[in-house]
Structure formats: C-alpha cells, structure tokens
Amino acid sequence: MHRSWRRRRRCLQRWWCGMQAYGPRRSGGMAKPECGDPADLPRGRMARRVALLYTPRIEAAEQLSRDLEDWLSRLGISVWRGPAHEACALPPEALADCELLFTLGGDGTALRGAHVAARIGVPLVCVGLGRLSFMAEVTPGEVLRQLPRLLAGDYWLEERAMLEGRVLRGEEELVQALALNEFSVARERTALTLRVAARVNGATLTTYTGDAVLVASATGSTAYALSVGGPILHPESRCLLLVPVAAHLCCLPPLVLPEDSTVELQVVTENAAGVNADGQNVLSLREGDCVRVRRSDVFCRFVRLQGRDYFFRTLKARLMRLEVNH
78 MHRSWRRRRR CLQRWWCGMQ AYGPRRSGGM AKPECGDPAD LPRGRMARRV
128 ALLYTPRIEA AEQLSRDLED WLSRLGISVW RGPAHEACAL PPEALADCEL
178 LFTLGGDGTA LRGAHVAARI GVPLVCVGLG RLSFMAEVTP GEVLRQLPRL
228 LAGDYWLEER AMLEGRVLRG EEELVQALAL NEFSVARERT ALTLRVAARV
278 NGATLTTYTG DAVLVASATG STAYALSVGG PILHPESRCL LLVPVAAHLC
328 CLPPLVLPED STVELQVVTE NAAGVNADGQ NVLSLREGDC VRVRRSDVFC
378 RFVRLQGRDY FFRTLKARLM RLEVNH
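When you read off a place in the sequence shown, starting at 1, and then add 77, the result is the number in our numbering.
Here it is as structure tokens:
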C-alpha cells in the first residue's frame with residue numbers, strides 16, 4: 078500500500094478507536110456514537126474529496142458539518158463545506174472532483190443535495206435532522222460510526238428516477254428543469270381556481286378544475302402527492318404519478334403511469350398560474366402554455382447501508398412518527 082494511504086489508515090484507526098470518547102460540542106439532540114471494531118476498518122482506497130451540504134436553519138446540522146470536516150481533514154481528505162442553497166448555485170466544475178456528497182438536514186436539504194449530486198454524478202448520503210427525513214440513510218448519532226464504510230465504498234447505490242419538465246409557449250421552449258419529487262402546475266392566486274387540460278402520450282385525458290395538478294416521481298409519492306391522496310410507490314420504481322389537487326367535480330382518481338409516458342399539462346384559463354419543480358417556482362404561465370413532463374435520463378444515486386428491504390421499515394417508522402406528532 079502506498080505510504081500516504083498507510084498514513085491515512087493509521088490516522089483512521091486512531092480515530093476509530095477513540096470514538097468512544099467523542100462527544101459533539103453542541104449535542105443538538107444527537108446520540109453519542111458507538112465505538113466500532115477496528116477489524117472493520119476499510120482497506121485500500123478511500124474517497125479523496127467529499128462535499129458537506131447543511132441547512133443553516135438547524136444549528137445542529139451546521140455543527141455536525143464542522144465536526145465531520147474536522148475528522149475528514151485529519152484523514153487528509155479534501156472537504157467542500159457550505160449551506161445547501163449555496164452549493165446549488167455553484168457551477169458543476171466546482172464540485173466535479175467530489176466522490177461523495179453529504180446532506181445534513183431534513184428532506185428539503187436532501188432535495189437540494191439530490192439536484193447537485195445528480196448534476197455532477199456522485200453518490201448522495203443523507204443524514205437526517207428533519208421532522209421526517211424520508212430520504213435519510215443515517216442519523217446524526219450514526220454518521221461518524223459509519224464514516225469508514227462510507228469512505229471505503231462499502232455500500233450499495235439506490236438509483237432514483239428524476240423528472241424532466243419543459244415549458245412550451247406555442248412552438249417556443251421557454252425553460253427546461255429537473256425535479257426529483259414533482260412538477261406542479263398550480264394557481265398563483267388563492268381565490269381563483271385553475272383549469273388544466275391533461276394529455277398522456279398525446280391522448281386527451283381530462284380537464285381538471287382545482288388548485289393544482291402534479292406529475293410526481295416515485296420519490297415524490299411520499300411528498301406533496303401523498304398529502305393529497307396519491308399512492309405510495311417503491312423508490313426504485315420508474316413510474317409517474319398524475320395527481321390532481323382539490324379537483325372539483327372530478328371522478329378520476331390519481332393515476333399511475335408507465336415509465337415511458339409523456340404528460341402534458343396545458344393551462345386553459347386566464348387565471349394566474351405557475352409551474353413549480355420540487356416546490357420551487359420555475360415560471361409564471363399564461364393561458365395556452367403547456368408543461369411537458371417525462372422521466373429524465375438523469376438519475377440520483379442514494380447511498381444505502383441497510384438491506385434492500387429498508388424502505389418498508391422506514392415507511393412504517395416515518396408514518397407512525399407522523400401520526401404521533403399529529
């Protein structure tokens with residue numbers, strides 16, 4: 078083994094054996110990490126550069142990012158650390174040489190990190206500090222204990238489909254965007270309903286009258302779509318969901334569509350409307366504007382340490398927690 082890697086391994090072993098004495102300077106509710114077995118230390122190549130994206134709204138998230146940066150720097154690993162919204166504004170080349178991307182926060186932070194990770198093609202590790210954290214793989218108390226496995230690549234990758242949306246005004250394409258959860262065509266004024274004509278693969282389906290219409294991915298099936306009565310899809314499913322929000326006099330339930338479907342949502346009312354991607358406003362729409370959504374060729378790769386049946390345990394735990402909180 079190369080001398081520099083032997084030096085990193087010795088440093089990592091000292092850290093691993095000393096973890097029992099570790100305690101974050103500000104606990105923020107984080108559990109004390111447990112000491113691992115030195116025999117489980119990674120052998121061979123480790124990640125050389127990682128990115129740490131945190132939400133500044135949670136103090137514990139920023140503190141944990143500092144602690145992780147400290148440990149990683151001691152191992153000779155280069156670190157980019159900053160708020161998730163700042164990372165979204167960086168050009169792709171700024172993080173292109175990262176081999177892992179961590180998000181520290183809730184599902185909103187994970188969403189921002191997913192866009193960055195998909196754009197530069199690196200695996201995403203979500204550390205959950207939010208209320209539900211559906212996408213999280215590790216808790217704050219586990220992340221340091223699992224760090225050797227993560228750096229050594231001892232995990233499997235879950236590929237999640239993303240959505241591609243294009244806004245058309247006549248023959249002109251106004252904007253193109255990606256979403257991990259959903260695209261929505263929604264009213265911009267609360268007092269007025271919206272009429273949206275829906276087509277699937279060019280065939281007219283119906284015209285919805287209501288608050289909004291969603292096209293969601295499997296990941297988005299546990300987000301906005303779930304709150305308005307949509308079904309839950311397995312996260313590795315490639316299917317699309319078409320879900321109306323507060324539809325008036327509509328007998329069509331939410332629809333599950335094949336992965337090769339193209340959904341077109343056209344505004345057929347003069348009332349103010351807008352298109353949103355993952356809850357972020359993309360563009361205000363005029364009457365006649367069309368939003369065309371399909372599955373993207375871009376995937377987001379989530380790091381998983383648990384078994385492949387993890388989703389059902391996570392789903393049960395998150396929904397039970399939601400019931401208790403309500």
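Note that CB positions come from ideal geometry on N, CA and C, so glycine has one too.
The three-state secondary structure of Ser150, taken from DSSP, is helix.
Taking C-beta atoms under 8 angstroms as the contact rule, Leu334 and Leu319 qualify, at a distance of about 6 angstroms. With contacts defined as CB atoms closer than 8 angstroms, Arg158 and Ser142 qualify as a contacting pair. For Arg385 against Arg243, the beta-carbon gap comes to about 34 angstroms, at or over 8 angstroms, which does not count as contact. DSSP places Val277 in the strand class (E or B) of the three-state scheme. With a threshold of 16 other beta carbon atoms within 10 Å, Glu336 falls short and is exposed.
Annotation for Ala289: Ser261, Ala263 and Val322 place their beta carbon closer than 6 angstroms to its own, counting only its chain and skipping 5 residues before and after. Leaving aside the five residues that flank Trp233 on each side, the residues in its chain whose CB is nearer than 7 angstroms to its CB run, in chain order, Arg381.
Taking a C-beta distance under 8 angstroms as the contact criterion, Ala164 and Ile197 do not qualify as a contact pair. Taken atom to atom, the span from the alpha-carbon of Arg395 to that of Leu251 is near 38 angstroms.
Pairing Thr186 with Ala166 gives a Cβ-Cβ distance that is not under 8 angstroms. Looking at the DSSP output, Ser155 shares a beta bridge with Arg126.
Comparing alpha-carbon positions, the option among Phe376, Glu364, Leu149 and Asn348 lying closest to Thr267 turns out to be Asn348. The DSSP-derived three-state label of Ala289 is strand. The alpha carbon of Arg208 has as its nearest neighbour, out of Ile135, Gly190 and Gln140, the alpha carbon of Ile135. By a beta-carbon distance limit of 8 angstroms, Leu317 contacts Ser338. Their separation comes to about 5 angstroms. When only Cα atoms are considered, Ser155 and Gly297 end up about 33 angstroms apart. When Leu342, Ala171, Thr270 and Gln383 are compared, the shortest CA-CA separation from Thr281 is found for Leu342.
DSSP, reduced to helix, strand and coil, places Met397 within a helical segment of the structure shown. In the structure shown, the three-state DSSP call for Tyr301 is helix. One Cα belongs to Gly205, the other to Val352, and the distance between them is close to 28 angstroms. DSSP places Asp144 within a helical segment (H, G or I) once states are collapsed to three. In its chain, beyond the 5 residues on either side, Arg381 have a beta carbon closer than 7 angstroms to the beta carbon of Tyr387.
Here Gln223 has Val215 and Leu382 as same chain residues with Cβ atoms under 8 angstroms from its own Cβ, once five neighbours each way along the sequence are excluded.
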